[in-house]
Every structure is written in structure tokens, then in C-alpha cells.
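Notes follow the structure.
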Amino acid sequence: MATIHIEDVSKNFGTFHALKNIFLSAEDKEFTALLGPSGSGKTTLLRTVAGLEQASSGRISIGAMRVDNLAPKDRHLAMVFQNYAVFPHMTVADNISFGLKTKGALKEYIAEHTQRTAALLHIEDVLHKYPNKLSGGQRQRVSVARALAVQPQVLLMDEPLSNLDALLRLEMRSELKALLKKSETTTLYVTHDQIEAMSMADKIAVMNNGEIMQYGPPEEIYFKPKHEFVARFIGSPPMNLFTVQTLKTVNKKTFAVINNDIAFVIEASLKTKIQENFDACGVLVGIRPEQLSFKGSASHAKTFADASTIQSEVLTIEQLGSNTLLVLKSNEILFRVMEKYGIKIDLNDRVTFGYQPNQLSWFGKDSGMHIEA
Ligand SMILES: Nc1ncnc2c1ncn2[C@@H]1O[C@H](COP(=O)(O)OP(=O)(O)O)[C@@H](O)[C@H]1O
Ligand SMILES: [Mg+2]
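The end of the sequence shown is residue 381 by the numbering used here, with every number in the run present.
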């Protein structure tokens, strides 16, 4: 069983805190993406699990074994780096079998297993070639094959697809995911690409400034961001976030007022918490571009009786194929809406959009923390 347990791990470089109290528990065969902007500590966390960096404090276990004091080679893991390190002076076959040879495996076994691993990665036709004769995608496959050949319990990958062109990356994404499922490795996968993380991972740890901001399944990260940072970082285009100016109660309903044309209705269960947060440090309200739906042109001024709608003017219309991205403007506030292709809207139209109150996300303005009922 190759579970990975990271408990309260911190890593300092001098006075700089690169990792702050990291907790992460990956189950056997689980695919975990470490997702975050550049400099957030993803590589440092991966290298600390690998043993290439020593944690300043905390514990790391693989299966039942505590590994944070072991040498990298004793941790039963393999690592694939961003720049797909392959030995240039060795053929593909020798690259793949390198780890098995150093482990002293039998010759017949090495030959057969190298063949099988190469077949898994569709590089069996280039086994005799040298890396400089391969395409980028093939070289990448060799580095993955080399890591998988030793049948590691844990595979650590640092942005393995980032040097490939867009089309190849797309292709490798689904192949790699299928391959890792088949090989039953527990994988930690570093990426700054949210689509890669969303589409490949069982769980995502979103990192920022050396901290894990949220850790959970992709749907939870997307639909229930626990922090304003996650709401802003995940989703393309990102969630619309509005600063609430005042809270106003009309006909027993409470509204978060953004401006004259935009006021979001607050669900009864959240009213008290939002009021408390508003009084303490202010409140942000968020809604994803695809959660706003077109209700027609706005013929009259909005009143608070028009619950669950907002009004604005069309600033830009961008056709994206099956979708249309609109940028809307209400006074000085801009926000985005993603609609299906074919919506009948013109520039400068005044339009009404509807939303589901239970799809709104509320955050404390200073803390950034999600407001729960
Ligand atoms: N060996 C090191 N010495 C000092 N600072 C480092 C070292 N390695 C990484 N850092 C710093 O730690 C932070 C996180 O780096 P890194 O883990 O590489 O981020 P990411 O992989 O998310 O882009 C960065 O600010 C980086 O400059
Ligand atoms: Mg990195």
C-alpha cells in the first residue's frame, strides 16, 4: 500500500518559509495534483517528498514507513522532471532499463520488462534510437517509461508536459492519466495548469505562498472554493467577484448591494454570517461566468423586487466557437458571462442576467475565507 502522508511539513531556506505546515494524505493509487502559481512551493514540496530537500520540520510517510530521514533511493519512488531528463548517450532501451540494471534485475527480465514498458508508452519502435533522434513527445515518453520501469510505489512528476506543444500536451494528458491508472502508482503531479489538474487528478492541492489553500476533489475546488484565492485562481475565465457596498432588506429579503443595478439576494441561512462579516471586514460575493444566464434585454430600471437578476450593458462580445464570452459593464464594474453560441445580443445592449442564489460564493473581504452557514 503506497499511501503518502505529509504531516505538518515546513521547509525554510534561511529565513524564507517555502513550505508552511503542509498536510496532505494521498490514498493508495490516488492521483494528486499540486496546483498553484509559479513560486508557490510545488517543486519544493515534491523535492521534499523525494528526499532531495530535507524538511525543516514535520513527518513524511510512504505506506507505513516514515521516510523523511531516509535517502531518496530508499523511499521507493521515482521522479519525472520538467525538462525530461534522459541520458543522451544511451539508447531508449538503455534509458528505460537503467533503473532495473542498477537494481541488479535478471537480464531476461530486464529485456522483457523494457519491451512491455515501451509498448505501454508507444515507443517500442524507437528502442534502438538515441534521444536526439526523437521528437519532444517521444523523449517525454522515454522519461516516463524510465520512471515507471522500476515499478515505483510512488511516482512524483514535476510539470512533465509543460515543454510540449499544446496539441501534444492534450494528447499526453489523457494517455498519461490512463497509463497511471493501469500501472496503479500513487502519483503526486505538479502543474501550474488548472485544466491539467482538473482533468487528471483525483484530488487537487491548491498552493499559494507555501501553503495549501484547499485540498479536495476537482469539483469541490471548482464549485466550493474555500478561499478567495482559489476562487480567483481556478476557472477560465475566473469567477466574478464583487465588493458588497451595503446590505439592504426589502420585503423581508436581504440583498447585498453592489451598485444601483446589481444587488444579490442573500439566502436566509447565510444572512447572519454575512452580516457579521460585513460589519467586521467587508464581504465579497462571487459567481462563475457560466452561472449567469441571459434573461433578455432590460426594458425598465431594476427594482429590488426583481430578485435573482442583475442588469448591465454589453461591453464586448467574443465568439469562442461553441461558447460566447461577454464582458458586461455596470457603472464602473466589469464582469464576465459565458453563454452558449447563438445568443442574440448586440454591443451596448442593456441586458438582464439571472442567477441561482445558492450558486453564489461569499467571502470575507480581509480574510478571504469562504463564509459558511
Ligand atoms: N534552494 C532554494 N533556496 C532558496 N529559495 C528557494 C530554493 N528553492 C526554492 N526556493 C524558493 O521557494 C519558493 C518556491 O519555489 P518552488 O517550490 O520552486 O515553486 P514552484 O514550483 O511552485 O514554482 C520560491 O520563492 C523559490 O525562489
Ligand atoms: Mg516548480
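Just so it is clear, CB atoms sit at the ideal spot from N, CA and C, and this is done for glycine as well.
Here the structure is a predicted model, which is why all the values come from computation and not from measurement.
(Q) For a minimum of 4 consecutive residues, which ranges assigned as the alpha helix (DSSP H) are wholly contained in the region 184-225? (A) Complete alpha helix (DSSP H) runs here, min 4: 202-208.
**Q.** Where the beta strand (DSSP E) through residue 303 begins and ends
**A.** In the DSSP assignment, residue 303 falls within the beta strand (DSSP E) that extends over 301-305.
Q. Taking the beta strand (DSSP E) that residue 16 falls in, what are its first and last residues?
A. 12-21 is the extent of the beta strand (DSSP E) around residue 16.
(Q) For a quick check, are the C-beta atoms of residue 205 and residue 369 less than 8 angstroms apart? (A) Annotated as distal: residue 205 and residue 369, with beta-carbon spacing of 8 angstroms or more.
Q. With distances taken between CB atoms, is the gap from residue 43 to residue 212 smaller than 8 angstroms?
A. Yes.
Q: Report the option in 252, 254, 250, 230 whose CA atom is closest to the CA atom of residue 244.
A: With respect to the C-alpha of residue 244, the residue from 252, 254, 250, 230 having the closest C-alpha is 230.
**Q.** Whole-number beta carbon distance between residue 321 and residue 338, since they are thought to touch under 8 angstroms
**A.** Sure, about 7 angstroms apart at Cβ, within 8 angstroms.
Q: Would you grab the beta carbon distance between residue 166 and residue 89 for me? Rounded to a whole angstrom, and I think it's under 8 angstroms.
A: 5 angstroms between Cβ atoms; contact.
Q | Which listed residue (363, 170, 22, 121) has its alpha carbon closest to that of residue 63 | A | Nearest in C-alpha terms to residue 63, of all of 363, 170, 22, 121, is 22.
Q: For residue 303, I'd like the list of residues in its chain whose CB is within less than 7 angstroms of its CB, leaving aside the five on either flank, ordered along the chain.
A: For residue 303, where only same-chain residues beyond five positions count, the Cβ hits under 7 angstroms are 317, 360, 361, 362.
**Q.** Beta-bridge pairing of residue 256 - partner residues as DSSP gives them
**A.** Per DSSP, 263.
Q. Quick one: is the Cβ of residue 360 within less than 7 angstroms of any heavy atom of ligand 1?
A. No, Cβ of residue 360 sits at least 7 angstroms from all heavy atoms of ligand 1.
Q. Among all the DSSP beta bridges, which residues are the ones paired with residue 29?
A. According to DSSP, residue 29 bridges with nothing at all.
Q) Hey, would you say residue 164 sits closer than 8 angstroms to residue 57, going by beta carbons? A) Contact flag set, yes.
(Q) Here's the rule: buried if 16 or more other CB atoms are within 10 angstroms of the residue's CB, otherwise exposed. What is residue 112? (A) The residue in question, residue 112, is exposed, as its Cβ has fewer than 16 Cβ neighbours within 10 Å.
Q: Locate the beta strand (DSSP E) running through residue 162, then write down its first and last residues.
A: Here the beta strand (DSSP E) through residue 162 covers 162-166.
Q: Determine the direct distance from the alpha carbon of residue 181 to that of residue 127, and round the result to whole angstroms.
A: Between residue 127 and residue 181, the C-alpha separation is close to 17 angstroms.
**Q.** Presumed contact (8 angstroms Cβ cut-off) between residue 25 and residue 18, rounded CB distance
**A.** Contact flag correct, Cβ pair sits at about 7 angstroms.
Q | Selected residue, minimal CA-CA separation from residue 91, among 264, 61, 145, 101 | A | Ranking the options by Cα distance to residue 91, first place goes to 145.
Q. Is residue 413 near ligand 1, in the sense that its beta carbon is under 7 angstroms from a heavy atom of that ligand?
A. There is no way to answer for residue 413, as the model of the chain reaches only from 9 to 381.
Q: May I ask whether a heavy atom of ligand 2 can be found less than 7 angstroms away from the beta carbon of residue 51?
A: True, at least one ligand heavy atom lies under 7 angstroms from that Cβ.
Q: Tell me whether residue 24 counts as near ligand 1, meaning its Cβ is closer than 7 angstroms to at least one heavy atom of that ligand.
A: Short note on residue 24: C-beta closer than 7 angstroms to some heavy atom of ligand 1.
Q. Is DSSP giving residue 55 helix, strand or coil here?
A. Helix at residue 55.
Q. When every heavy atom of ligand 1 is checked, does at least one fall within less than 7 angstroms of the C-beta of residue 44?
A. It does: the Cβ of residue 44 is within 7 angstroms (strictly closer) of some heavy atom of ligand 1.
Q: Taking the CB atoms as reference points, tell me whether residue 248 and residue 344 lie closer together than 8 angstroms.
A: Residue 344 sits close to residue 248, with the two beta carbons spaced by under 8 angstroms.
(Q) Mapping the DSSP letters down to three states, classify residue 231 as helix, strand or coil. (A) DSSP places residue 231 in helix when its eight states are reduced to three.
Q. Counting pairs of Cβ atoms below 8 angstroms between the region 344-354 and the region 271-289, do you hit three or more?
A. Three or more beta-carbon pairs separated by less than 8 angstroms are not found between the region 344-354 and the region 271-289, which leaves the two stretches without contact.
Q.
Just verifying my parser: in three-state terms, what is the DSSP assignment at residue 418?
A. Since the first residue of the chain shown is 9 and the last is 381, residue 418 is not available in this structure.
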